[in-house]
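Colleague: Residue numbers (the working numbering): 507 to 875.
Quick reminder that beta carbons are idealized off the backbone N, C-alpha and C, glycines included.
As the structure is a prediction and not an experimental result, all values here were calculated from the model.
Can you keep this structure in mind? I'll have questions shortly.
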Amino acid sequence: MTPIEIPPALLPADGRFCSGPGKVRVEALEALAATGATYMGTSHRFVTVQFKVAELRNGLAEMFALPDGYEVLLGNGGSTSFWDAASFGLIERRSHHLSYGEFSSKFATVTEAAPHLERPEVITAEPGTRPDVQSGTDVDAYCYPHNETSTGVIIDPTRPDDDGLVLVDATSAAGGVRFDPNQTDVYYFAPQKALASDGGLWLAACSPAAIDRIERLAASDRWCPATLDLKIALDNSRKDQTYNTPALATIFLAAEQVNWINDQGGLEWAAGRCDQSAATIYGWAEASDYAAPFVTDIGHRSPIVATIDLDERLSADDMVEQLRLNGILDTAGYRKLGRNQLRIALFPAIEPSDVEALTHCIDHLAERL
Ligand SMILES: *Cc1c(COP(=O)(O)O)cnc(C)c1O
């Protein structure tokens with residue numbers, strides 16, 4: 507493919523728009539490097555690392571404005587491991603899932619396959635839309651993502667009219683989208699997306715009811731592998747530790763991002779920044795004669811991951827490749843969706859002015875492709 511050069515004046519200052527792992531702020535990487543011989547390569551059983559874990563747990567509680575009694579747990583393995591852990595330590599008998607994209611469907615697959623659980627109730631909807639929770643059914647846990655990252659569909663977590671636990675997968679939303687923690691029992695995520703850190707860790711803000719459930723299931727005769735045992739994770743988290751060795755850089759970078767957000771004004775500030783980027787990208791797509799937001803219902807459109815369909819005459823693959831040749835990375839749609847689509851992260855770490863610049867770059871290429 508012959509490269510089409512985008513004039514330097516149009517380019518964003520930072521070309522990272524990946525939806526996961528997302529942009530890590532250069533300032534955070536420099537702060538990590540500046541720890542020199544004092545942090546990386548020291549024991550996670552000693553205070554230096556424990557203080558960093560405490561800083562992250564406390565910073566998250568502050569950023570989410572967690573109600574009294576909520577606790578932040580952490581463990582190794584990212585959100586995918588957390589699904590396995592939840593199938594042992596949080597779902598008692600039967601779960602209810604909304605399934606409308608790659609990530610929401612994967613959690614449903616976990617509980618469908620778990621021999622110790624009854625068949626889950628799974629409500630599906632077409633990618634780009636979302637189904638509603640059906641409360642009052644015979645389940646003890648409601649499971650759905652805050653943001654379905656594969657399609658760019660958002661939902662506002664809401665507690666149904668019964669005492670089933672509300673388990674919200676906030677992997678691409680945590681730290682960039684407003685929510686009411688009282689409406690959730692477990693708000694869990696990995697920090698490599700909106701939290702601008704790296705992968706391999708899961709974090710979960712748990713309500714007292716969720717902690718009760720963890721303790722009760724751990725005391726039952728259900729077998730659970732130790733690495734997925736949420737009671738072991740709870741006991742270690744209370745000591746600002748993990749059961750086995752965590753990635754220290756991931757913890758450091760997550761704490762950097764949470765501190766940065768809290769210093770600027772907290773979740774409200776971060777969400778406002780994402781709203782600004784979302785207004786820019788969706789406004790541009792709606793005004794464009796060759797691009798359009800994939801999610802047609804405005805209330806379901808994600809403020810944190812934008813999916814934009816391109817007109818058939820313009821190949822999204824070519825667009826993504828030309829952007830890449832100009833240093834603008836990872837704008838491809840989710841492969842399995844198979845659409846002529848761009849997917850652009852609007853995470854808090856991404857400058858709204860860079861999202862604006864990106865739209866000009868896409869226009870520049872569209873005229874020439
Ligand atoms: C990326 C993502 C996951 C998977 O996270 P891992 O840390 O890679 O396991 C799960 N759920 C959602 C909503 C995601 O965006």
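(1) Could you tell me whether the Cβ atoms of Phe-685 and Cys-649 are closer together than 8 angstroms?
(2) For a test of the three-state rule: what should DSSP assign to Ser-605, helix, strand or coil?
(3) Residues in its own chain within less than 6 angstroms of Phe-552 by CB, not counting five upstream and five downstream?
(4) For Asp-817, does the three-state DSSP call read helix, strand or coil?
(5) Specify, as a first and last residue, the run of the alpha helix (DSSP H) that Leu-864 falls within.
(6) Entirely within the stretch 749-803 and at least 3 residues each: give me those beta strand (DSSP E) ranges in chain order.
(7) Apart from the five residues just before and just after Ala-676, which ones in its own chain have a Cβ nearer than 7 angstroms to its Cβ?
(8) Please determine, among Leu-723, Leu-709, Gly-771, Val-764, the residue with the shortest C-alpha to C-alpha distance to Asp-746.
(9) Cα separation between Ser-509 and Ser-525?
(10) So the candidates are Lys-699, Gln-782, Ala-812, Asp-781; which of them puts its Cα closest to the Cα of Ala-760?
(11) What beta strand (DSSP E) runs, 3 residues minimum, are completely inside the stretch 559-626?
(12) Taking all protein chains shown into account, do 16 or more other C-beta atoms lie within 10 angstroms of the C-beta of Gly-682, making it buried, or fewer, making it exposed?
(13) Starting from the C-beta of Ile-512, find all residues in its chain whose C-beta is less than 6 angstroms away, skip the five residues before and the five after it, and write them out in chain order.
(14) If you measure between the beta carbons of Leu-723 and Asp-691, is that distance less than 8 angstroms?
(15) Buried or exposed: Arg-845, going by 16 or more other Cβ atoms within 10 Å of its Cβ?
(16) Mark Ser-585 as exposed unless 16 or more other C-beta atoms lie within 10 angstroms of its C-beta, in which case mark it buried.
(17) Ligand 1 and Lys-842: does any heavy atom of the ligand fall closer than 7 angstroms to the residue's C-beta?
(18) According to the neighbour-count rule (16 or more other Cβ atoms, all chains shown, within 10 Å of its Cβ), is Gly-839 buried or exposed?
(19) Thinking C-beta only, is Ala-776 closer than 8 angstroms to Ile-787?
(20) In terms of residues, what are the limits of the beta strand (DSSP E) holding Leu-848?
(21) Is it buried or exposed, His-602, if we count other Cβ atoms within 10 angstroms and call 16 or more buried?
(22) Three-state secondary structure (DSSP) at Thr-554?
(23) Could you tell me whether any non-hydrogen atom of ligand 1 is closer than 7 angstroms to the CB of Thr-657?
(24) Consider the C-beta atom of Ala-696 and the heavy atoms of ligand 1; say whether any pair is separated by less than 7 angstroms.
Modeller: If we stick to the structure as given:
(1) no
(2) strand
(3) none
(4) coil
(5) 858-872
(6) 797-799
(7) His-652, Tyr-693, Tyr-694, Phe-695
(8) Leu-709
(9) In the sequence as presented, Ser is not what sits at residue 509; that position holds Pro. Roughly 24 angstroms between the two C-alpha positions.
(10) Lys-699
(11) 577-582, 601-605
(12) buried
(13) Asn-832, Cys-867, His-870
(14) no
(15) buried
(16) buried
(17) no
(18) buried
(19) no
(20) 847-851
(21) buried
(22) helix
(23) no
(24) yes
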